[in-house]
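K.L.:
This is the structure I have questions about; it appears just below.
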Amino acid sequence: MSTLLIVALVGALAVVGYVLGVRRAMASADGDLRLLHSLKSYYGQNVALLVLVPSLLVLVIWMTVQPLLIEQSVLGMISNTDVAEGSSRSLMMADVRRVADGLDVAVAQGAMSREAASDVRVDFTNVRERLASVGVAVGSTVTQTTLEAAQKFRALSGTGNMVRGIVVLLIAAAGFGYALKQTDKDFRARNVVERGILVLLIAAASIAVLTTLGIVFSLIFNTIDFFESFPGADFFFGTRWEPSFSGRGGASDLGFLPLIWGTLYISIIALVVAVPLGLFAAIYLSEYASNSVRSIAKPVLEVLAGIPTIVYGLFALLTVGPLLVNIFGADGLLGVNWMSGGTAAMTAGLVMGIMLIPFVSSLSDDIINAVPQAMRDGSYGLGATQSETIRQVILPAALPGIVGAVLLAASRAIGETMIVVLGAGAAASLSLNPLEAMTTVTAKIVSQLTGDGEFNSPETMVAFALGMTLFVITLALNVVALIIVRKYREQYD
Amino acid sequence: MNDMRIVKRDVDMNDIKISAKGVQVYYGDTHAIKDVNVEIKDKTVTAFIGPSGCGKSTFLRCLNRMNDTIDICRVEGSIQIEGEDIYDKRVDPVQLRAKVGMVFQKPNPFPKSIYDNVAYGPRIHGLARTKADLDEIVEKSLRRGAIWNEVKDRLHAPGTGLSGGQQQRLCIARAVATEPEVLLMDEPCSALDPIATAQVEELIDELRENFSVVIVTHSMQQAARVSQKTAFFHLGNLVEYGETGQIFTNPQDPRTESYITGRIG
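Below is the structure:
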């Protein structure tokens, strides 16, 4: 029984349950609405909820657990001797799944009868060719073990799916019967439905939280894996980043320092650009601009925030980089030769700074507007000019919030990838010269994972360690920023 | 009641400090102040009373051009302080506000230390040549604000940490630190408890020796206690203006009488 069919049946049962629930409630009250405890639709919703929620919950759990169990039992059939040289159990398992799927397809297309699919043997038929004829490609020749495993796989999932369908429908029917039996004019259907809605909302919130936890845990475990194959001291304190992919031979230097140096250097350049510009723009918009200017300028500024970062990256690569070379490069305007190529920390930093301007300005704008008008009145009332008021009263009052905004911007700068990939170059170097190519943690995660590398060498696993470190840094920045912003809020409320 | 005792105190200074003629104020399309004429005397406490929304605070804010900070507000007519039209193009509102101090309804100390709050005005206007000068101005202002004894040991504590009444007296001290000629007070006691109110009222009476004080208040008892002249506003009109004693005991206009006896407002 397919999943879709089960869901459709349960859904239909819920609709029927809704209608019957409403009818039964009305009947128990002799058709008088006022005698019901709740509005009549609540009785219907109550039945529908009891049909849907438990059965679909069981369905979801079943669908997660069944493949795991089947895999376990099928894996037991494959002995170590069957595993070919250069292969692994997990690769064998992948073959088994492909063959099983292929047999399913073959049966569905009529190229093989149901019996033939479960009896087929490698000695009589070339399974690989027959599967290829229905459009399923299997990487290596199918061995007897694989085929038997695949057949067992099919049989088990077939039974599993059948039992699953029956169990889910039984549960739905049980919910249906129980809810209808409950339905009566004095039954508090509204309270049950309210609680159901509460549970639904909690479920939505916990999915978000659990996903975050899942991401963090997968990072942590993979990072631990990495440190088992690569010494932590070399990672954290190494000053050279020279990964060599296995095959070419030689050990890699996976030093973290040049990458974090590049990250911080580029972020600082970005902040040096973004903070003054963003802050001044915010001050102008919130204190000086007339309503008509603000209503145009603010959205226009915020359009900057909507530009995809890859477009900023192109801008860095094609416009800002060559421009900087024209100024600082050989034969440039300044007549110095400080810059050899367009990709440099400065290029990426400048463009990233432009990207961050709306971020800083819109947060600072909110914070400046939150400073009570009474502060401005007090200052103007003493004969202060506008800029004196801003410098001496508004900015000090808004400072904690602005610091928070800057820290949030910093954590975005640290996590930024595309601008760096395109604008900063790929050489990891511990250099002080901002006109030299540098690279960042994020850019190196990208380059370590794009390519043919398998996910078991330190050269690829290092991506998780890099990601984890980056995550810890930005998390710390965000926490500090939030604490500062919250402290600031208490001041005026 | 000791109201009458204060009222009967001689008002022997007859110089006109502020003279307003034909003042009209518009907020967008709303006509908030309609043709107000009033002459405010020096070294006198003048009270503006009237129901909410009658325009008394708006008129007060015209006297130091605080309404300039509101985009949609438009002022017509002439307001002269010592014969000089304050809405003249040559007048710098910033200098005007240094001369006409203001205290607001809600105490609004800056999030700075007590000392810096008071020193704010003198620093902006360059009133002190040395640190010692500034210390002296701060002390003198805090004494005038009747709060020196309470804060002299913690001048560098934040002004926002004081109680409401102390904050309001700090704001008054801050306003007098720039040596204004006129002090405008917009319901200075409405956020305060009776004890703090009594302290501020006593302070207002002392300030009369040096400044011309204009106070907006919702409390008629307060107007009777602290002022020598009272103006009654209603729906944007100045209904009646005269000696406080006369307004409260023998009002000429039936609207004034209705208001002070509690029948309208």
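Heads up: the sequence lines are chains A and B, in that order. Going letter by letter, the first sequence gives residues 1 to 493 in our numbering. Going letter by letter, the second sequence gives residues 1 to 265 in our numbering. Virtual Cβ for every residue (Gly too), placed ideally from N, Cα, C.
How long is the line joining the alpha carbons of I473/A and K444/A, rounded to whole angstroms?
P.N.:
In a straight line, the C-alpha of I473/A is about 16 angstroms away from that of K444/A.
K.L.:
Name, in chain order, the residues that DSSP records as bridge partners for A20/B.
P.N.:
V38/B, I79/B, per the DSSP bridge assignment.
K.L.:
Could you give the distance in angstroms between the alpha-carbon of F471/A and the alpha-carbon of F256/A?
P.N.:
Going by the C-alpha atoms only, they are around 14 angstroms apart.
K.L.:
Quick one: what's got a C-beta closer than 7 angstroms to A157/B's C-beta in the same chain, skipping five residues either side?
P.N.:
Hits under 7 angstroms: S113, I114.
K.L.:
Who are the neighbours of A374/A on chain B, taking C-beta pairs under 8 angstroms?
P.N.:
Result: F104, K106, N108.
K.L.:
Give me the Cβ distance between L170/B and G101/B, rounded to the nearest whole Å; I'm assuming they're in contact under 8 angstroms.
P.N.:
13 angstroms between Cβ atoms; not a contact.
K.L.:
Helix, strand or coil: which one does DSSP assign to L184/B?
P.N.:
Here L184/B sits in strand by DSSP.
K.L.:
Relative to the C-alpha of M93/A, which candidate in I269/A, M77/A, I197/A has its C-alpha closest?
P.N.:
Among I269/A, M77/A, I197/A, the Cα nearest to that of M93/A belongs to M77/A.
K.L.:
Under 8 angstroms between the Cβ atoms of L60/B and V216/B?
P.N.:
Yes, they are a contact pair.
K.L.:
Could you have a look at L432/A and say whether DSSP puts it in helix, strand or coil?
P.N.:
The answer is coil: DSSP assigns L432/A none of H, G, I, E or B.
K.L.:
In the DSSP assignment, find the unbroken beta strand (DSSP E) run with N237/B in it and report its ends.
P.N.:
Unbroken beta strand (DSSP E) run through N237/B: 237 to 243.
K.L.:
Could I get the ranges of all uninterrupted beta strand (DSSP E) runs contained in the stretch 103 to 177 of chain B, with 3 residues as the minimum, in chain order?
P.N.:
The qualifying runs do not exist here; there are none.
K.L.:
Is there a C-beta anywhere in chain B that falls below 8 angstroms from the one on L382/A?
P.N.:
Answer yes: the Cβ-Cβ gap between L382/A and chain B drops below 8 angstroms somewhere.
K.L.:
Determine, for V393/A, whether the minimum Cβ-Cβ distance to residues of chain B falls below 8 angstroms.
P.N.:
With 8 angstroms as the cut-off, V393/A counts as an interface residue toward chain B.
K.L.:
Of the residues P251/B, D29/B, F48/B, which one's Cα is nearest the Cα of V213/B?
P.N.:
Closest option to V213/B, Cα to Cα, is F48/B.
K.L.:
Just how far apart, CA to CA, sit G236/B and Q252/B?
P.N.:
If I take the Cα positions, the gap works out to 18 angstroms.
K.L.:
What does the alpha-carbon distance come out to for the pair I310/A and M418/A?
P.N.:
Each residue's Cα considered, the two are about 5 angstroms apart.
K.L.:
Flag A370/A as yes if its beta-carbon sits less than 8 angstroms from any beta-carbon of chain B, otherwise no.
P.N.:
For A370/A, the answer is no, since every Cβ of chain B falls outside 8 angstroms of its Cβ.
K.L.:
Could you tell me the alpha carbon to alpha carbon distance between K185/A and N222/A, rounded to whole angstroms?
P.N.:
The alpha-carbon atoms of K185/A and N222/A are separated by roughly 57 angstroms.
K.L.:
Output yes if chain B places a C-beta closer than 8 angstroms to the C-beta of G401/A; else output no.
P.N.:
Not closer than 8 angstroms to any Cβ of chain B, the Cβ of G401/A fails to qualify, so no.
K.L.:
Please tell me whether F110/B and D377/A are closer than 8 angstroms, where the distance is taken between their beta carbons.
P.N.:
Not a contact, by the Cβ cut-off of 8 angstroms.
K.L.:
Less than 8 angstroms between CB atoms is the rule here; does P458/A satisfy it with respect to chain B?
P.N.:
False, the Cβ-Cβ gap to chain B never drops below 8 angstroms.
K.L.:
Can you name the residues of chain B whose CB is closer than 7 angstroms to the CB of E388/A?
P.N.:
I124, listed in chain order.
K.L.:
Just to confirm the assignment: which complete alpha helix (DSSP H) runs, minimum length 4, are found wholly within the stretch 280 to 325 of chain A?
P.N.:
Entirely contained in the stretch 280 to 325 of chain A, the alpha helix (DSSP H) runs reaching 4 residues are, in chain order, 291 to 306, 309 to 315.
K.L.:
Locate the alpha helix (DSSP H) running through S157/A, then write down its first and last residues.
P.N.:
Counting along the chain, the alpha helix (DSSP H) containing S157/A begins and ends at 144 to 182.
K.L.:
What in chain B is Cβ-close to A48/A, meaning under 8 angstroms?
P.N.:
What A48/A touches in chain B: nothing, since even the nearest Cβ is about 54 angstroms away.
K.L.:
If we ignore side chains and look at the alpha-carbon of each, how far apart do I197/A and V51/A end up?
P.N.:
About 15 angstroms.
K.L.:
Would you say I247/B and T261/B are within 8 angstroms of each other, going by their C-beta atoms?
P.N.:
The answer is no: Cβ separation not under 8 angstroms.
K.L.:
What three-state label does DSSP hand S57/B in the structure shown?
P.N.:
S57/B falls in the helix class under three-state DSSP.
K.L.:
Indicate whether the contact test is met: 3 or more Cβ pairs, each with one atom in the stretch 145 to 160 of chain B and one in the stretch 352 to 362 of chain A, closer than 8 angstroms.
P.N.:
Result no; under three Cβ-Cβ pairs closer than 8 angstroms.
K.L.:
State the Cα-Cα distance for the pair V25/B and R74/B, rounded to the nearest angstrom.
P.N.:
For V25/B and R74/B, the distance between alpha carbons rounds to 6 angstroms.
K.L.:
A20/B and V36/B: beta carbons closer than 8 angstroms?
P.N.:
Yes, these two residues count as a Cβ contact at 8 angstroms.
K.L.:
Give me the Cα-Cα distance between R144/B and K34/B, rounded to the nearest whole angstrom.
P.N.:
Straight-line Cα distance between these residues: approximately 36 angstroms.
K.L.:
Please check if any C-beta of chain A sits within less than 8 angstroms of the C-beta of K140/B.
P.N.:
Not an interface residue.
K.L.:
Does the distance from the CB of P107/B to the CB of R65/B come in under 8 angstroms?
P.N.:
Taking 8 angstroms as the Cβ cut-off, P107/B and R65/B do not qualify as a contacting pair.
K.L.:
When we look at the beta-carbon of P122/B and count the other beta-carbons within 10 Å, is it buried (16 or more) or exposed?
P.N.:
It is buried - the Cβ of P122/B has at least 16 other Cβ atoms within 10 Å.
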